[in-house]
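Quick notes on the structure that follows.
Numbering (this note's numbering), first residue to last: 74 to 370.
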C-alpha cells in the first residue's frame, strides 16, 4: 500500500529535480581525461580547434592569439627605433614645425633641445595651432611631460598605463639610459591586429604578399622587389633598392602617407599602414590601362 502522506523531502525533490546532464558518456570521459590547456601553445591550439568547429570566427581567433602572444612582448619588441623617430626641435621656427607635423601626420611628437637624445617633452599636434593664434606664446609652454619606459617593460603593463594616464606616447630607454626608440598605444594595439596580417601571409604561402577578397593584393613594404616582379609579372628595377617600400618612396620623392596612391610600372601602390616613418602595408592594384590590356589579351 502506498504512503498517502509522502515526506516533505520527497515533495521538495519532485518540485526541484536535479538538472539532467545532457553530455554523452564519451564527452564526459574526454573532459575527465583532458580538463583544459596547460600551456599557451595548447590554448592557441584549442582556439584553432574552436575555429574549425565554427564556434568562433577566424578573425576572432586571430585577434585572441594576438592578445595571448602580446603577453610575452616588451616595449623593445614593438617600439620605433631611435633613428626612425620623428622629432621636433624646440628651436625650429613655426613654419618648419608645421611642415613636419603636416608631413608626418602624427598626433604627438617628442621635442628635443640641442641634441636628439635630450627629450624635453612631447607636443600635441593640435596645440601647435595655439602658436598661430598667439605668436607671443613660447613652444616650451605647450609641452607636456615626456614619459620614459625601459625596453623590458611588458606590453600588457604598458597598455594599462596608456589607458590610465591618457598619455599615449612613451620614450623607450635602454639599460644605459639612452634613447632606444618610442612607442605609442597604436604600436601596442597593432601587435594584436598584426597577427591577422601574419595569418594571411601564411595562408597564401607568399612572403609579404597575399590576395584580398576584391582581387587586389596586400603587399608588405619590406617585400623584395624581386618577389613583387615574380608575383605580378613586372620588371621593376632591382639596381637601387631591395624592397618595394624603398622603390615607391623614390618614385614619390618621400615616404608616402596613409591613403596616398603611387603608380609604379603597371601597378598602383596605395598606402594602407605606416609605422615608424616607413610603409608597412600597400594595397596593390593594376593600373586601368594594364587591366584593360590583360582583359583584352
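Beta carbons: idealized from backbone N, C-alpha and C, even for Gly. Model, not experiment: these values are computed from the prediction.
Assigned secondary structure, residue i (DSSP; H/G/I helix, E/B strand, else coil)
i, result
"residue 359", "strand"
"residue 127", "coil"
"residue 192", "strand"
"residue 156", "helix"
"residue 243", "strand"
"residue 343", "strand"
"residue 220", "coil"
"residue 308", "coil"
"residue 298", "helix"
"residue 140", "helix"
"residue 328", "coil"
"residue 313", "coil"
"residue 262", "helix"
"residue 114", "helix"
Closest residue to residue i among the options (Cα-Cα distance)
i, options, result
"residue 195", "204, 202, 207, 185", "185"
"residue 160", "242, 226, 248, 344", "242"
"residue 217", "228, 229, 192", "192"
"residue 167", "119, 113, 201", "201"
"residue 190", "319, 251, 118", "251"
"residue 304", "292, 313, 310, 234", "292"
"residue 180", "115, 300, 259", "259"
"residue 302", "208, 317, 239", "317"
"residue 238", "248, 309, 220", "220"
"residue 198", "187, 183, 290", "183"
"residue 231", "187, 146, 176", "146"
"residue 213", "224, 174, 126, 165", "165"
Beta carbon proximity, residue i to chain D, threshold 8 Å
i, result
"residue 216", "Among the protein chains of the structure shown there is no chain D, as only one such chain exists."
Check whether residue i and residue j have beta carbons under 8 Å apart
i, j, result
"residue 281", "residue 257", "no"
"residue 228", "residue 169", "no"
"residue 222", "residue 151", "no"
"residue 134", "residue 121", "yes"
"residue 340", "residue 359", "yes"
"residue 331", "residue 346", "yes"
"residue 148", "residue 203", "no"
"residue 163", "residue 138", "no"
First through last residue of the beta strand (DSSP E) which encompasses residue i
i, result
"residue 317", "That residue, residue 317, is in no beta strand (DSSP E); its alpha helix (DSSP H) goes 317-325."
"residue 228", "No beta strand (DSSP E) holds residue 228; the alpha helix (DSSP H) holding it covers 228-238."
"residue 182", "181-186"
"residue 254", "252-257"
"residue 291", "290-293"
"residue 282", "282-284"
"residue 198", "Taken as a continuous stretch (DSSP letters only), residue 198 belongs to no beta strand (DSSP E), as it is neither H nor E."
Own chain residues within Cβ distance below 7 Å of residue i, not counting five before or after
i, result
"residue 254", "152, 153, 154, 155, 158, 245"
"residue 324", "335, 337"
"residue 171", "201"
"residue 276", "Confidence at residue 276 is low in this model, with a pLDDT of 40, below 50, so its placement is unreliable and no value can be given for it."
"residue 215", "196, 200, 203"
"residue 344", "329, 330, 331, 332, 333, 352, 355"
"residue 210", "203, 204"
First through last residue of the alpha helix (DSSP H) which encompasses residue i
i, result
"residue 173", "167-177"
"residue 214", "212-215"
"residue 151", "148-151"
"residue 204", "202-206"
Cutoff 6 Å; reference residue i; Cβ partners in own chain excluding five residues on either side
i, result
"residue 206", "none"
"residue 177", "159"
Cβ-based neighbour list, residue i, same chain, cut-off 8 Å, excluding 5 preceding and 5 following
i, result
"residue 310", "298, 320"
"residue 361", "none"
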